[in-house]
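This report refers to the structure that appears directly beneath it.
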Amino acid sequence: MTPISLLHRAAPSLELLRHLLWRSGRGAFRLRATDFPRGEVWRQMHQIGNRSLLFVCVTLSFLGMVLVFQTCLQVNRITGDLSQVGAEFIKILVHEFGPSLCAMMLATRVGAGIAAELGSMVVTDQIDALAMNNVDPIDYLIVPRFVASMVMTGALTTVGVGCAVFAGALTAAYSFHVNPVVFVDPSHVRIGDLVTGFFKCAAYGAAIPLVSGFCGLSAQGGSAGVGRSTTRAVIASSFMVIVLDFVISGVAYFTLQSAP
Amino acid sequence: MTAMVECRSLCKSFGVRPLLDRVNVRLASGEICGLIGSAATGKSLLLKLLCGLQASDGGEIFIAGRRLDASSKEELQQSRKHIGMLFQNNALFDFMTVRDNVAFPLVRSGATSAEEIRERVHQTLRAVGLSGSEEKLPAELSGGMKKRVALARALVARPALLLFDEPTAGLDPVTTARIYELLGAEQARTRATMLLVSSDVDGLRRFVPRLLMLHAGRLRYDGPSDKIDSSEDEVVRQFVRGADEGPL
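Residue numbers (my numbering), protein chains in the order written: chain A, 462 to 721; chain B, 1363 to 1610.
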C-alpha cells in the first residue's frame, strides 16, 4: 500500500477526528448554544460519575492498601521510620496516582460504554436517522459526555483519593502500628501538586469520551464491529491516559517543580 | 410534470467495486415507484445518496429541482426537511420512547406547537395501529411493531419525498397488506412522492405502478410493474420469476 492510498483511506477517519475535536471543544465552551437534549449533561454525569463511584472507591481503596503495605514493608526494612509514609503517599496520590488510576478505571467502564453505545447506533443506522433530522451526532451525543466526563473525573478522583488515604491509613495502623493522625498528613502537598492533579483530571476527562466516541462513531460491520470498536476504545483510552500522564507530569516537573 | 427526484449518471464505488454505475432515475412529483434487485446491488445505497447520507463519486442528484450532491450543509439540511426515510433496520432511537421517536422529526423541525405535535403523533400512531404503545421503549416492541413505529416516524412530518427501505421486511402477509394500504392512503392524502425498496417483489408489484431494477450497478429495468414479466432482459425475467436457471 502506497502512502497516498493509505492517506486516502485514512481521510474519513481524520475528518471525523478533526470534527470531533473542534465541535467538542466548541460545545464545551458554548454549552447553551449546542444542540443536545435538555438535561443530557446531568444524565451523563449520573451515568459517568454516580454509576462509577463504587467501582472507583473500591478499586482505589484496595490499591491504596497495597501501596501503603508495600511501602511500609520496604521502609521498615531500611530505616524503620514510618512517620513520613503517609505524607508522601498523599502527595503522590494527589499529583500522580489518584487522577491516573481513577482515569484508568473510567477508561474501562466509561470508555467501553460510550464506544458500545455509539457503535451500535452507527451499525443500526441511528446516526443516519439523526442526520436525516439535521442533528449533528457529535453535538447531540459527544458534547454532553465530554462535559460530564471532565467534571466527574475530577469529582471521582477527589473521592477516590479520600478512599485510598482512608484505606492506607487503616492498613498502616493495623499492620505497622502507624498512628492515623501521623499518617494523614497533607503538609507535603504543594499548590503545584494540586494544579498538576487538576490538569490531569481535566485532560483524562476530556480524552476518554473523545477517544471512545471516535472509536464508536467509526464502528463498521454489525455486532462484531461494535465489539472491535469497544475493545479499541478501552485500549486507546487507557493508552491515552498513560501518554497524557507522562506529558503532563513532564511539563509539571519542569514548570511547577512539583515532582518529588 | 416536474421531477421530484432526478439522478443523472450517478456513480458510487466501494474500493474497486462499482455499486452504482451511471444510473439515471427520474421520479415525477407524486409518483410511487418500486426498486428491486438482488442483495448488495446498491438499492439502500441509492436511497442514502438521495438524502445526502452518502456522497456520490460522480453524477448529479436533484431533489425538487435543487442540486443535492453539490449543496452546502445548510442547503442539505433544508432539502432533508422535505424527505422522510424509513431505514432497513428501522433505526429507532433506543433511548427514546415510541412517542419521542415519532415526535422527533416534528420537534426538530421546530415549526409546530407542542399541542400539534402531540396530536400528530397520536394520529400517526393510530394510523399504524400502535395506539397505547406511546410510552414503550423500542426494546419492548416486536419486529413488526418496530417497523410500524419507524414508518410512523417517516410519515409524521408529511414530507414531499418518502424513501422506504424494506418497509415490509419481516412482516406477516396481513400486516404487509395493511402497511401498503396505509402508504396508499397517505399518498392519496399528501400526494407525496414515494420510492420503495423491497425484496417482496409480488407485494410491491401490486402496490406500485412503476418498477426499477438494479443489477451489477446498472438500471436493468425501468417501466410499468405489470410489464416486468415480459421484459426483454433475461436477468430481469429470471429475477422476477424467481427461476433457478438463468444468467443470475
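Here a beta-carbon is modelled for each residue, glycine too, at the ideal position from N, C-alpha and C.
Asked: List, in order along the chain, the chain B residues whose C-beta lies closer than 7 Å to that of T585/A?; Found: N1451 and A1453
Asked: Check for me: the alpha helix (DSSP H) holding N537/A runs from which residue to which?; Found: R512 to I539
Asked: Is it true that the region 591–603 of chain A meets the region 624–633 of chain A, where meeting means three or more beta-carbon pairs spaced less than 8 Å apart?; Found: no
Asked: Per DSSP, T1555/B is paired with what?; Found: L1523/B
Asked: Can you give me the C-alpha to C-alpha distance between P1571/B and D1584/B, rounded to a whole angstrom?; Found: 11 Å
Asked: So G572/A and V672/A are in contact, right, with Cβ under 8 Å, and what is the actual spacing, rounded?; Found: 7 Å
Asked: Does chain B have any CB closer than 8 Å to the CB of V596/A?; Found: yes
Asked: The ligand FMN and S1504/B: does any heavy atom of the ligand fall closer than 7 Å to the residue's C-beta?; Found: The ligand FMN is not part of the structure shown, which contains no ligands of any sort.
Asked: For the pair the region 1402–1412 of chain B and the region 1574–1589 of chain B, tell me if three or more CB-CB distances fall below 8 Å.; Found: yes
Asked: How about L1460/B and K1509/B: do their beta carbons lie closer than 8 Å?; Found: Note that residue 1460/B is Val in the sequence shown here, rather than Leu. No, they are not a contact pair.
Asked: Along chain B, which residues have their Cβ under 9 Å away from the Cβ of D706/A?; Found: Correct list: empty, because the minimum Cβ distance to chain B is about 33 Å.
Asked: Determine the closest residue to G488/A out of V502/A, F550/A and L475/A, with distance taken between C-alpha atoms.; Found: V502/A
Asked: Determine the extent of the alpha helix (DSSP H) in which M582/A is found, giving its start and end residues.; Found: G559 to V584
Asked: Does any residue of chain B have a CB that is nearer than 8 Å to the CB of D589/A?; Found: yes
Asked: Assign R1567/B to buried or exposed, taking buried as 16 or more other Cβ atoms, counted over all protein chains shown, within 10 Å of its Cβ.; Found: buried
Asked: Indicate the three-state DSSP secondary structure (helix, strand or coil) for M1458/B in the structure shown.; Found: coil
Asked: Please list the partners that M1507/B has in chain A, where partner means a Cβ-to-Cβ separation under 8 Å.; Found: Per Cβ cutoff of 8 Å: no residues; M1507/B is ~16 Å from chain A at best.
Asked: Less than 8 Å between the C-beta atoms of S1471/B and A1539/B, yes or no?; Found: no
Asked: Runs of 4 residues minimum, wholly inside the region 1364–1451 of chain B: which ones carry the alpha helix (DSSP H) assignment?; Found: 1405–1412 and 1435–1442
Asked: Could you check the C-alpha separation between A1512/B and L475/A for me, to the nearest Å?; Found: 32 Å
Asked: Give me whichever residues DSSP pairs with Y601/A in a beta bridge.; Found: Y601/A is not bridged to any residue.
Asked: Do L1415/B and L1408/B have their beta-carbon atoms positioned less than 8 Å apart in this structure?; Found: no
Asked: Residue range of the beta strand (DSSP E) that R491/A falls in?; Found: Note, R491/A: premise wrong, no beta strand (DSSP E); not H, not E.
Asked: Would you kindly report the start and end of the unbroken alpha helix (DSSP H) that includes P1529/B?; Found: It is not in any alpha helix (DSSP H) - P1529/B carries neither H nor E in the DSSP assignment.
Asked: So is Y635/A buried or exposed if we call it buried at 16+ other beta carbons inside 10 Å?; Found: exposed
Asked: Under the three-state reduction of DSSP, which class applies to D1611/B: helix, strand or coil?; Found: The shown model of chain B, from 1363 to 1610, leaves out residue 1611/B, and the question about it has no answer.
Asked: If you run the structure through DSSP and keep just helix, strand and coil, what is P1609/B?; Found: coil
Asked: According to DSSP, which residues form a beta bridge with G1585/B?; Found: L1573/B
Asked: Just the chain A side, please: which residues come within less than 8 Å of L1415/B by C-beta, in chain order?; Found: D589, A592 and M593
Asked: Round the Cβ separation of E1393/B and T1552/B to the nearest angstrom and send it over; I've been treating them as touching at under 8 Å.; Found: Actually they do not touch by this definition, with Cβ atoms about 13 Å apart.
Asked: Whose Cβ in chain A lies nearer than 8 Å to the Cβ of F1569/B?; Found: Going along chain A, no residue has its Cβ under 8 Å from F1569/B, so there is no contact; the nearest lies around 23 Å.
Asked: Using a 10 Å radius around the Cβ and a threshold of 16 neighbouring Cβ atoms, would you call L534/A buried or exposed?; Found: exposed
Asked: Mapping DSSP to helix, strand and coil, what is R651/A?; Found: coil
Asked: Return the first residue and the last residue of the alpha helix (DSSP H) that S1475/B is part of.; Found: Premise fails: S1475/B is in no alpha helix (DSSP H) and is neither H nor E.
Asked: Would you say R1388/B reaches chain A, if we count a Cβ-Cβ gap shorter than 8 Å as a contact?; Found: no
Asked: Taking all protein chains shown into account, do 16 or more other C-beta atoms lie within 10 angstroms of the C-beta of F675/A, making it buried, or fewer, making it exposed?; Found: buried
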